[in-house]
Amino acid sequence: MSLYTRCWTRAARAPSHRTTWRCTPTRCYASTTADDAPWFQQLRSEMLGRKVKSSHEYIDVNTDHKLIDTISTFLPPEWCSRTRRSRLRLPLGHHMVWFNTSMPADELLPDGTDPLQSPGEPWVRRMWGGGSLRVRPGAYHDPAKGFAVDSFIVCAERIQDVQLRGHGDAAKIFVTIDRRFARLDTLRAKRQARGGPIFQHQLLHEEWGDAILREQRNLVFLREKTPAELEAIANGQMVAVKYLEPPGSPDFAHTLTPTRSLLFRYSALTFNAHLIHLDRDYARKVEGHRNLLVHGPLSLTLMLQAMSGYIGMEYKGKQVLESIEYRNLAPLYCDEQMRICGMKKKSFDDGHLYDVWIEGPTGGVAVRGTVRTVTTPALEDASKSVRSASRTETGSASDAHSSHRSRQESNRPESSQASTSTRKQRRPGRLPQIRLSSFTVPPVPRMLADNQSPFRVVEAPPSPMRGVMSRRTHFILQRLYPQSATELSIKPVPLVRTYQGRQYIYDPTGVASRHSRYLRQGIVKIEKISIRMLGGSGGRVSRRRKDSRRAS
């Protein structure tokens with residue numbers, strides 16, 4: 001069996017100011033013993049020697065909104081508020097939809113899992129055993145250097161430990177994955193200063209380094225089903241599910257029923273093709289489960305979302321999640337009721353300790369964890385540092401521009417310098433007018449605060465997409481270059497009827513006239529045309545004067 005062996009730097013020592021013995025908080029290293037089989041010692045050495053996998057991704061708000069839309073139907077609306085750009089930071093656990101393994105489909109294992117952490121045959125069945133999450137509150141929630149949207153985050157992961165438990169067909173291999181998350185801009189700055197793969201070195205030799213989030217995943221690998229087990233499953237024998245007793249009466253609880261659409265959408269978001277979450281026949285006939293299994297990461301996401309919502313409402317944003325340790329004790333199935341519960345366990349000066357668990361349909365515990373909360377770090381200092389950094393960058397840029405202008409003035413001839421010195425001073429109350437090519441514009445608003453600055457940036461308006469011509473120019477061009485018609489087409493003027501008339505249609509063949517309603521019904525009387533106003537060379541003549549002329 002694999003045991004933990006402490007590094008030599010963890011030897012017990014007696015401090016001068018304290019009589020009790022203690023150990024320094026350094027890392028532990030796992031070591032094999034003679035009890036382990038030679039094949040496992042060789043396998044363990046090979047797995048621990050695998051390369052560190054590193055990747056970076058852009059944290060966009062749209063992907064986070066997809067996660068919220070996926071789980072919001074199954075949780076209270078006050079627990080599932082969307083992340084806004086003004087809020088910047090991501091809630092704990094939302095990183096699960098990023099930094100997932102991507103490889104061609106023909107390289108996946110038969111059950112849809114990736115082989116990066118797999119021991120290989122005959123250990124071909126994988127389960128999610130549990131894990132932990134821990135953040136550095138001051139760094140994680142910092143809008144300038146934290147886990148925020150619109151930023152690039154680097155993830156580095158490695159196999160930290162491999163253990164063999166059990167004997168024979170009941171043997172299991174436990175693989176512990178260590179993952180670190182840090183800001184890409186921070187690592188680039190250190191790499192330019194020191195050189196080399198900084199984050200990989202920190203992952204192997206340092207407790208935190210530049211990481212703002214640490215995650216441990218415990219994966220369990222089992223042997224392939226024997227023919228006898230497959231025959232028993234075909235005869236209707238299913239996996240026995242054993243739930244534990246709940247730790248107590250919860251302070252809050254929420255009941256939900258996961259559906260196939262929830263499992264599918266979460267699998268798509270996390271790029272997870274494991275068949276036990278997607279194929280019901282595979283889950284029943286091969287693995288022996290009665291339905292699709294709920295993801296281990298999905299259970300973690302639901303617990304963290306529930307805890308974040310409850311803590312935010314209970315303490316009005318004054319408490320945030322710092323860490324969680326959890327274990328998957330029994331499977332949770334699709335279309336079966338489950339309940340998320342939480343209970344305060346202990347209180348500290350700067351936070352609280354909660355027990356959080358998920359109950360199955362019978363009321364037993366299937367997932368259990370411990371959540372630590374801390375006081376929300378004050379971000380005013382961080383925001384001030386961001387503003388001061390921006391002011392420093394602006395000041396350095398203005399200094400560079402002013403120095404460039406001073407060099408230009410020093411290289412200018414004496415006559416031009418003399419002419420410059422004799423220019424009139426601007427009036428302090430007037431805004432300077434800046435002339436660009438053939439038009440004059442006032443300075444932009446951001447330059448009005450310092451009109452006496454030696455350097456001023458002027459942004460000209462964009463050029464029009466196409467030529468613009470005024471009406472007067474268009475009329476003059478038409479008069480200068482008249483266009484004659486190529487051919488003349490004379491058509492009869494249509495008849496105008498006041499009522500009971502149809503639109504006139506030009507019909508030279510007389511087809512419409514042979515079928516006209518006038519031939520069937522006779523002439524239809526229309527009202528008499530009256531002339532309302534006449535115009536001529538002598539001006540306008542009224543209708544009354546025209547009627548008097550006709551009478552005379």
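The sequence shown: position 481 = 481 (full-length UniProt numbering), numbered continuously.
Quick reminder that beta carbons are idealized off the backbone N, C-alpha and C, glycines included.
Counting only the Cα atoms, Thr373 lies some 11 Å from Arg134. Here the alpha carbon of Val239 sits roughly 6 Å from the alpha carbon of His289. In the structure shown, Tyr266 falls within a helical segment according to DSSP collapsed to helix, strand and coil.
Ranking Tyr243, Phe152, Gln483 and Thr255 by CA distance to the CA of Tyr58 puts Phe152 first.
With the rule of 3 Cβ pairs closer than 8 Å, the region 300 to 309 does not count as touching the region 214 to 223. Short of 6 Å from the beta carbon of Ala37, and not among the five residues preceding or following it, lies no beta carbon of its own chain.
Closest in alpha carbon position to Asp150, among Gly130, Arg89, Thr270 and Ala189, is Arg89. For Val61, the enclosing alpha helix (DSSP H) stretches over residues Val61 to Ile71.
By the C-beta density criterion, Gly317 is exposed, having fewer than 16 other C-beta atoms within 10 angstroms. Under DSSP, the beta-bridge partners assigned to Leu164 are Ile173. A direct Cα-to-Cα measurement between Ala170 and Leu222 gives close to 8 Å.
For Arg339, the uninterrupted beta strand (DSSP E) segment begins and ends at Met338 to Ser347. Put simply, the backbone Cα of Ile71 is about 10 Å away from that of Leu263. Each of Gly146, Thr301, Lys66 and Glu314 was checked against the Cα of Val367, and the nearest Cα belongs to Thr301. Going by beta carbons, Thr113 and His274 fall inside the 8 Å limit. In the structure shown, Tyr481 falls within a coil segment according to DSSP collapsed to helix, strand and coil. DSSP places Tyr315 in the helix class (H, G or I) of the three-state scheme. One alpha carbon belongs to Asp35, the other to Gly146, and they sit about 45 Å apart. CA-to-CA, the gap between Tyr315 and Leu321 works out to about 12 Å. Taking a 10 Å sphere around the C-beta of Ala283, we find 16 or more other C-beta atoms and assign the residue as buried. In this structure, Thr270 places its C-beta atom within 8 Å of the C-beta atom of Met96. For Arg472, the secondary structure class from DSSP, reduced to helix, strand or coil, is helix. Check the Cα spacing between Leu293 and each of Leu256, Asp335, Gly209 and Tyr140: the tightest is with Asp335.
Cβ contact annotation for Asn100 (same chain, cutoff 8 Å, sequence separation greater than five): Thr270, Phe271 and Asn272, in chain order.
By the criterion of at least three beta-carbon pairs nearer than 8 Å, the region 160 to 175 is not in contact with the region 252 to 262. Three or more beta-carbon pairs separated by less than 8 Å link the region 325 to 343 to the region 122 to 133, which places the two stretches in contact. Residue pairing for Gly131: DSSP places it in a beta bridge opposite Arg217 and Tyr326. Non-local beta-carbon contacts of Leu332 in its own chain, meaning distances under 8 Å to residues more than five positions away in sequence, involve Pro258, Leu293, Val294, Ser299, Met338, Ile358, Gly360, Ala366 and Val367 in chain order. Contact between Leu43 and Pro119 holds: their C-beta atoms lie close to 6 Å from each other, under 8 Å. In the structure shown, the three-state DSSP call for Ser261 is helix.
The Cβ atoms of Ala139 and Ile212 lie closer than 8 Å to each other. Measuring C-alpha to C-alpha distances from Glu157 to each of Val356, Gly312 and Lys51 identifies Lys51 as the nearest. It is roughly 34 Å from the alpha-carbon of Thr362 to the alpha-carbon of Gln117.
Counted as a single uninterrupted DSSP element, the alpha helix (DSSP H) harbouring Glu229 occupies residues Pro227 to Ala234. Within a 10 Å sphere around the beta-carbon of Pro297 sit 16 or more other beta-carbons, which makes this residue buried. The secondary-structure analysis by DSSP pairs Phe181 across a beta bridge with Cys155 and Leu213.
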